[in-house]
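What the sequence shown shows, in my numbering, is residues 1330 to 1522, in sequence order. These notes concern the structure reproduced below.
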Amino acid sequence: MLPILISKAAPISVIITILTIKFVIGMIYGFLIDIIINIKNKNKKEENKIIDLCEEEHCHCEKGIVKSALKHTINVFIYIFILTLIINVIVEVVGEDTLKSVMQGASIFEPIIAALIGLIPNCASSVIITELYLSEIITFGSLIAGLLVNAGAGILMLFRINKNIKENIKIIILLFLLGAVTGIVMNLFAITV
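Written out as structure tokens, the structure is:
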């Protein structure tokens, strides 16, 4: 998002406003979710999941941090590279123009569609959403909805590291709902930059 805003010479006030809104909303949601989870899991024993990851990766962390960190980095790089390549091919086949045409005239559903596009686990979705906003095809609320939901390669890593598929799906649904509802509320109150 940021490189697109800078390359399109968006006013600095717009860039700072978008970054501030993402930061503040992300912090508020993060703290609220953390509080709810801590209350819900008050009596549950926390597992040491890093040990499980190290055993699964066979990195031998006990033999030194440099070698194990390098092994984790290479494994993550390969995983993200392959999946990003696949996603880029899919986005290329579907086409940015198709995504743009879906967004035009979407009215009240615009933030929902933007949030769905934001779920694409790649930076391409934030680029598309930002370009749609700068072209005045989508509203500011839809921009925020899509950008709040977009986690880059984070969703890919969630499924790689956390083997609990039900929990991953709950996280993605929550991410989608928070982004879409925020975008809808911003559009209802005509919040814009």
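Each residue gets a CB set at the ideal place from its N, CA and C atoms; glycine is no exception.
A contact is defined here as three or more CB-CB pairs under 8 Å, and the region 1390-1404 fails this definition with respect to the region 1459-1472. Of the residues ALA1339, LEU1487, LEU1506, the one whose Cα lies closest to the Cα of TYR1358 is LEU1506.
CA-to-CA, the gap between LYS1351 and SER1397 works out to about 34 Å.
Rounded to the nearest angstrom, the gap between the Cα atoms of VAL1420 and THR1413 is 10 Å. In the three-state scheme derived from DSSP, where H, G and I count as helix and E and B as strand, THR1511 is classed as helix. Using a 10 angstroms sphere on the CB of PRO1450, the tally of other CB atoms reaches 16 or more, which defines it as buried. Take the alpha-carbon of ASN1370 and the one of ILE1333: they are about 41 Å apart.
Annotation: the continuous alpha helix (DSSP H) that includes SER1455 extends over 1452-1463. DSSP, read as helix, strand or coil, puts LEU1448 in coil. Looking from the CA of GLY1483, the closest CA among ILE1513, ILE1473, CYS1452, MET1356 belongs to CYS1452.
Here DSSP, grouped into helix, strand and coil, assigns ALA1474 to helix.
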